[in-house]
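Quick note: the sequence shown uses my numbering, first residue 3, plus one each step. Here is the structure we will look at.
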Amino acid sequence: MKLGDRLSALAAMVPPGSRMADVGTDHAYLPLYLAEIGHIERAVAIDVNPGPFASARDAVLRASMADKIDVRLGNGLQVVTPNEVDVAVMAGMGGMTMIQIMETSPDVLQSLSRLVLQPMVGAPQVRRWLQTNGWRIIDETIVQDEGRLYEVLAAEPGQMEANELLEIGPILWQQRHPLLADLLKQRLYSLCFVLSQMEKSAAAQTNPKYQEQKAIISILEAKLACL
3 MKLGDRLSAL AAMVPPGSRM ADVGTDHAYL PLYLAEIGHI ERAVAIDVNP GPFASARDAV
63 LRASMADKID VRLGNGLQVV TPNEVDVAVM AGMGGMTMIQ IMETSPDVLQ SLSRLVLQPM
123 VGAPQVRRWL QTNGWRIIDE TIVQDEGRLY EVLAAEPGQM EANELLEIGP ILWQQRHPLL
183 ADLLKQRLYS LCFVLSQMEK SAAAQTNPKY QEQKAIISIL EAKLACL
């Protein structure tokens, strides 16, 4: 099995010998790949939707991997027990959905040694949540897959400084990732559009979010100018 660049980036952040939960597994491509190459001890592949759950279950059976991968229908980490897995992967969903999943299963979250996350949107919110809740980012990357940019990060329990780099990724900035400028330009385009819409309304300009948007734009513009 060959993975695309996005899933390959996720796979690279899963430690060898892990017992992993893949939340939102879809066709179970990631746990199947990692199990086939002997990189993980076992996996729980989870999906909340019956269609993807059935696809994942059938794929695992076809690959004769049912002894390594347990496919479960359920919401987030609620179908996992504390200490059953040590790594949780969440990918292909919004950042706020990830945060809700983590907040809904605090006992499972506390038993994990690593999170591997790929938010489709809301990566800054995810980073801030991690910082506030006792997690530190240990790895980050940006991948381009089928014309779209994806942020992928890994976090482990620990302390992390709260600063403006949570908006763009502290490790992405430290490493001056080659795709960071493209990512910042993309975010600036979206933020400036939202700001332009807010500026059409006097009421919107009194909303705290208006000043927040302006502050974020200033941070991104300053960092982009340094790349």
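For every residue, glycine included, the Cβ atom is placed at its ideal position computed from N, Cα and C.
query                                                                                                                                                 : result
Return helix, strand or coil for Glu158, following the three-state DSSP convention.                                                                   : strand
Look at Leu182 and Leu174 and say whether their C-beta atoms are less than 8 Å apart.                                                                 : yes
Who are the near neighbours of Phe55 in its chain, counting only those whose CB is closer than 7 Å to its CB and skipping five residues on each side? : Asp49, Val73, Leu75
By DSSP, does Glu153 sit in helix, in strand, or in coil?                                                                                             : strand
Cα separation between Lys211 and Glu158?                                                                                                              : 30 Å
Where Gly136 and Lys202 are concerned, what is the direct C-alpha to C-alpha distance, given to the nearest angstrom?                                 : 40 Å
Measure how close the beta-carbons of His29 and Ser57 come, nearest whole angstrom, since I'm counting them as under 8 Å.                             : 5 Å
CA-CA distance, Thr27 and Glu38?                                                                                                                      : 16 Å
If you follow the alpha helix (DSSP H) that Ser10 is part of, which residue opens it and which one closes it?                                         : 7-14
List the endpoints of the continuous beta strand (DSSP E) containing Ser220.                                                                          : Per DSSP, Ser220 belongs to no beta strand (DSSP E); it is in the alpha helix (DSSP H), 210-227.
Which partner residues of Ile42 appear in the DSSP bridge assignment?                                                                                 : Ser20
Anyone know if the C-beta pair for Asp24 and Pro18 falls short of 8 Å?                                                                                : no
Would Leu168 and Gln133 qualify as a contact pair, given that the criterion is a beta-carbon distance under 8 Å?                                      : yes
Express the C-alpha separation of Asp147 and Leu5 in angstroms, rounding to a whole number.                                                           : 11 Å
Just mark Ser107 as buried or exposed, buried being the case when its beta carbon has 16 or more other beta carbons within 10 Å.                      : buried
Which same chain residues end up closer than 6 Å to Leu117 when comparing Cβ atoms and leaving out the 5 residues on each side of it in sequence?     : Ala90, Ala157
Buried or exposed: Pro121, going by 16 or more other Cβ atoms within 10 Å of its Cβ?                                                                  : buried
Alpha carbon to alpha carbon, how far is Gln127 from Asp7? Give it in angstroms, no decimals.                                                         : 24 Å
Whose C-beta lies closer than 7 Å to the C-beta of Met92 among residues of the same chain, with five residues either side of it excluded?             : Val25, Gly26, Met100, Ile103, Leu119
Considering Cα atoms alone, identify which of Ile139, Gly78, His41 is closest to Leu111.                                                              : Gly78
What three-state label does DSSP hand Val91 in the structure shown?                                                                                   : strand
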